[in-house]
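Participant: 20 is the number of the first residue of the sequence shown in our numbering; add one for each residue after it.
C-beta: ideal position from N, C-alpha, C; glycine also.
Quantities reported herein were computed from a predicted structural model and do not represent experimental measurements.
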Amino acid sequence: MRVLQLGVGAVGEVNARVIAREPAVEAVVLADIDESRLREVAAKLPPGKVETLVLDASDHGALVKAAKGVDFVLNALATAWDIPVMEASLEAGRHYLDMGTGGPREITGTADLDEQLALDGEFKKRDLAGLVSFGIDPGVSDMFARALHDEFDTVESLTVLDGDNATVDGYELACSFSVETMIEECLLPPCVFRDGREERNEALSVFREFEFPAPVGKLTLCNVDHEEAQLMPLYLRGKGLRNAIFFIGLDPRMIDAFKVFRILGLHQREPVDFQGAMISPIQFVASRFPRPVDLAGKLHGAVCVGTLCEGTIGGEPVRRFRYQITSHDDSWEKWGVQGTAFQTGASAACAVTQFARGEIARRGVFPAEVLDPAAYMAEMQKVGLAVGVVDLPAD
Ligand SMILES: NC(=O)c1ccc[n+]([C@@H]2O[C@H](COP(=O)([O-])OP(=O)(O)OC[C@H]3O[C@@H](n4cnc5c(N)ncnc54)[C@H](O)[C@@H]3O)[C@@H](O)[C@H]2O)c1
């Protein structure tokens, strides 16, 4: 299988390097607007297996042409590109995967999950697979939810928890993944599934503490908008699910900065006129942060992403947490990247390598809830993403 790796930022680099190790992947075509980044990443792949292409994703014709040259399109651009890239993949007749979604359109001006899932029929008609939201969270978090759902007799609530205890060298404010995505998901009123109904909380208003397994430990987390709060109720409702929510650990200084961005409208995507030039405020603000790739070697600590299921097994109440922990320092030592990039990029790559070997036969547009969790977790172990499970005492 030939793969088009669209975007070779922090996560895209890891996607490409992990899938290139799979014998069923013949070649990886790296495509990005940034030529120097293409050279940098290409040098880390086996020479006979890599090609490069300077490409601007806003050029629809170029996207379709690039997709036609491969079997599978792996989209590691900012989420605003999801629908344009899905449409190009459909036009070229190629399979597709991304690691998250944007929207809702009425707030951010870009497509959300509903628009992606609505392409299910089009993908099926062409016998194509569209794997959506397949990173670590969303992605592995949804697969953990599916595994837990299978293990429980009744499921009352599913909570995704993402905690990072890292310190960063050299920067006051930093974000370990796409800065645009982070600003958007933190300032949206987060979607939550409460008492069996989809609702929205106020942005940056709901906090909780959680004791992650060592070495991450206890952290304060904030509810932000995330795909899982929509996906888990959509796909895992069969055992009585009433509540679904997502929490992430945020540096308090970052929360203060987000509030200032909101007051000044700096989180808006729509371009504004600045001294005769049209600029997108969110893209300008994101450009002032270190790029996620610039944090390689500068983060120290570990990140844990997991899903907590509360329900019953054999009539007894159970609180079970399935999780994955990645050390930023180990990722730097073994791969020369930071932990979030490794955790996300390698997780998505696991779905692609299974697909390349013909182990994912499903067609249409679907998230990680529908895949076989045991096969997925076995693939994760192979690339060094250890998974854990623990039963917690009553809350
Ligand atoms: N699901 C998860 O767990 C998870 C976690 C982290 C990141 N993500 C997602 O993964 C994606 C990649 O994140 P990242 O941290 O690598 O971002 P990044 O900002 O490091 O990389 C983005 C890349 O896109 C390229 N690019 C920008 N505009 C382009 C254009 N017009 N045409 C072609 N290339 C262009 C940039 O040069 C850069 O190399 C994002 O969508 C992010 O939301 C998902």
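#1: Grab me the residues of Val304's own chain with a C-beta within less than 8 Å of its C-beta, minus the 5 sequence neighbours each way, in chain order.
#2: To the nearest angstrom, how far is the alpha carbon of Cys369 from that of Val337?
#3: Closer than 8 Å to a non-hydrogen atom of ligand 1 - does that hold for the CB of Thr98?
#4: Could you give the DSSP three-state label for Asp131: helix, strand or coil?
#5: The alpha helix (DSSP H) with Gln343 in it runs from where to where?
#6: Could you pull out every residue in the same chain whose Cβ sits closer than 7 Å to the Cβ of Ile126, ignoring the five residues on either side in sequence?
#7: Spatial neighbours of Arg381 within its chain, please: CB distance less than 7 Å, with the 5 preceding and 5 following residues excluded, ordered by chain position.
#8: When DSSP labels each residue in this structure, what does Asn184 get in the three-state scheme?
#9: Kindly give me the distance between the Cβ atoms of Asp101 and Thr120, rounded to whole angstroms, as I take these residues to be in contact under 8 Å.
#10: Cβ of Ala367 within 9 Å of Cβ of Met251?
#11: Taking the CB atoms as reference points, tell me whether Val22 and Ala375 lie closer together than 9 Å.
#12: Looking at the unbroken beta strand (DSSP E) that takes in Glu329, where does it start and where does it end?
#13: Suppose contacts are defined by Cβ-Cβ distances below 9 Å. Is Thr239 in contact with Arg227 by that definition?
#14: From which residue to which residue does the beta strand (DSSP E) around Val409 run?
#15: Leaving aside the five residues before and after Val47 along the sequence, list all residues of the same chain whose C-beta is less than 7 Å from its C-beta, in chain order.
#16: Is it true that the CB of Ala263 sits closer than 9 Å to the CB of Glu247?
#17: In the region 263-316, which residue ranges form an unbroken alpha helix (DSSP H) of at least 4 residues, counting only runs that do not cross its ends?
#18: In or out: Pro386 buried (at least 16 other Cβ within 10 Å) or exposed?
#19: Would you say the beta carbon of Asp131 comes nearer than 8 Å to a heavy atom of ligand 1?
#20: Counting along the chain, where does the alpha helix (DSSP H) carrying Gln400 start and finish?
#21: Going by alpha carbons, who is nearest to Asp349 out of Lys317, Tyr342, Phe340, Gly334?
#22: For Asn160, count the other beta carbons within 10 Å of its own beta carbon; 16 or more makes it buried, fewer makes it exposed. Which is it?
#23: Are the CB atoms of Gln343 and Ala405 nearer to each other than 9 Å?
#24: When you compare each of Gly80, Arg113, Gly112, Phe153 to Met399 by their alpha carbons, which one comes out closest?
#25: Over the uninterrupted alpha helix (DSSP H) stretch that includes Phe196, give me the two end residues.
#26: Whole-angstrom Cβ separation of Thr129 and Gly140, contact assumed at under 8 Å?
Facilitator: The structure says:
#1: Position 285 of the sequence shown holds residue 304. Val198, Ile202, Phe280, Leu285, His286.
#2: For the purposes of this step, residue 369 is identified with residue 350 of the sequence shown, where counting begins at 1. For the purposes of this step, residue 337 is identified with residue 318 of the sequence shown, where counting begins at 1. So the alpha carbons of these two residues sit roughly 29 Å apart.
#3: Sequence index remark: in the sequence shown, residue 98 carries index 79 (1-based). Indeed, a heavy atom of ligand 1 lies less than 8 Å from the Cβ.
#4: Within the sequence shown, residue 131 is the residue found at index 112, counting from 1. Coil, per DSSP.
#5: On the sequence shown, position 324 is the one that residue 343 refers to. No alpha helix (DSSP H) holds Gln343; the beta strand (DSSP E) holding it covers 335-346.
#6: For the purposes of this step, residue 126 is taken as the residue at position 107 of the sequence shown. In chain order, Leu207 place their CB closer than 7 Å to the CB of Ile126, counting only its own chain and leaving out the 5 sequence neighbours on each side.
#7: By one-based count along the sequence shown, residue 381 stands at place 362. Hits under 7 Å: Ala148, Val389.
#8: Position 165 of the sequence shown, counting from 1, holds the residue named residue 184. In the three-state reduction of the DSSP assignment, Asn184 falls in the coil class, being assigned neither a helical nor a strand state.
#9: Reading the sequence shown from its first residue, position 82 is the one you call residue 101. Reading the sequence shown from its first residue, position 101 is the one you call residue 120. So it is a contact: roughly 6 Å between Cβ atoms.
#10: One-based indexing of the sequence shown puts residue 367 at position 348. One-based indexing of the sequence shown puts residue 251 at position 232. In this structure, Ala367 lies away from Met251, with their beta-carbon atoms at least 9 Å apart.
#11: Against the sequence shown, residue 22 aligns to sequence position 3. Against the sequence shown, residue 375 aligns to sequence position 356. Yes, the pair counts as a contact, with Cβ atoms nearer than the cut-off.
#12: Here residue 329 is taken as the residue at index 310 of the sequence shown, counted from 1. DSSP places Glu329 inside the beta strand (DSSP E), whose first and last residues are 321-332.
#13: Counted from its first residue, the sequence shown places residue 239 at position 220. Counted from its first residue, the sequence shown places residue 227 at position 208. Between Thr239 and Arg227, the CB-CB gap stays under 9 Å.
#14: Translated into positions along the sequence shown, residue 409 becomes position 390. DSSP places Val409 inside the beta strand (DSSP E), whose first and last residues are 406-411.
#15: Reading the sequence shown from its first residue, position 28 is the one you call residue 47. Apart from sequence neighbours up to five positions away, the residues of its chain that approach Val47 with a beta-carbon distance below 7 Å are Val22, Gln24, Ala35, Ile38, Ala39, Leu64, Lys68, Val69, ordered along the chain.
#16: In the sequence shown, counting from the first residue as 1, residue 247 sits at position 228. In the sequence shown, counting from the first residue as 1, residue 263 sits at position 244. Yes.
#17: Restricting attention to alpha helix (DSSP H) runs no shorter than 4 residues, the region 263-316 encloses them at 271-283, 300-307, ordered along the chain.
#18: One-based indexing of the sequence shown puts residue 386 at position 367. That one is buried.
#19: Looking up residue 131 in the sequence shown gives position 112. It does not: the Cβ of Asp131 is nowhere closer than 8 Å to a heavy atom of ligand 1.
#20: Taking the sequence shown and counting its residues from 1, one reaches residue 400 at position 381. Bounds of the alpha helix (DSSP H) holding Gln400 are 392-401.
#21: In the sequence shown, counting from the first residue as 1, residue 349 sits at position 330. Per the Cα distances, Lys317.
#22: Taking the sequence shown and counting its residues from 1, one reaches residue 160 at position 141. As written in the sequence, residue 160 is Ser, which differs from the Asn given in the question. Residue environment: Ser160 is assigned as buried (16 or more neighbouring CB atoms within 10 Å of its CB, all protein chains considered).
#23: The count along the sequence shown starts at 1 and reaches residue 343 at position 324. The count along the sequence shown starts at 1 and reaches residue 405 at position 386. Against a cut-off of 9 Å, the Cβ pair of Ala405 and Gln343 comes out as a contact.
#24: In the sequence shown, counting from the first residue as 1, residue 399 sits at position 380. By alpha-carbon distance to Met399, the top candidate from Gly80, Arg113, Gly112, Phe153 is Phe153.
#25: For the purposes of this step, residue 196 is taken as the residue at position 177 of the sequence shown. From DSSP, Phe196 is part of no alpha helix (DSSP H); its letter is neither H nor E.
#26: Numbered from 1 along the sequence shown, position 110 holds the residue referred to as residue 129. Numbered from 1 along the sequence shown, position 121 holds the residue referred to as residue 140. Thr129 to Gly140, Cβ: 22 Å. No contact.
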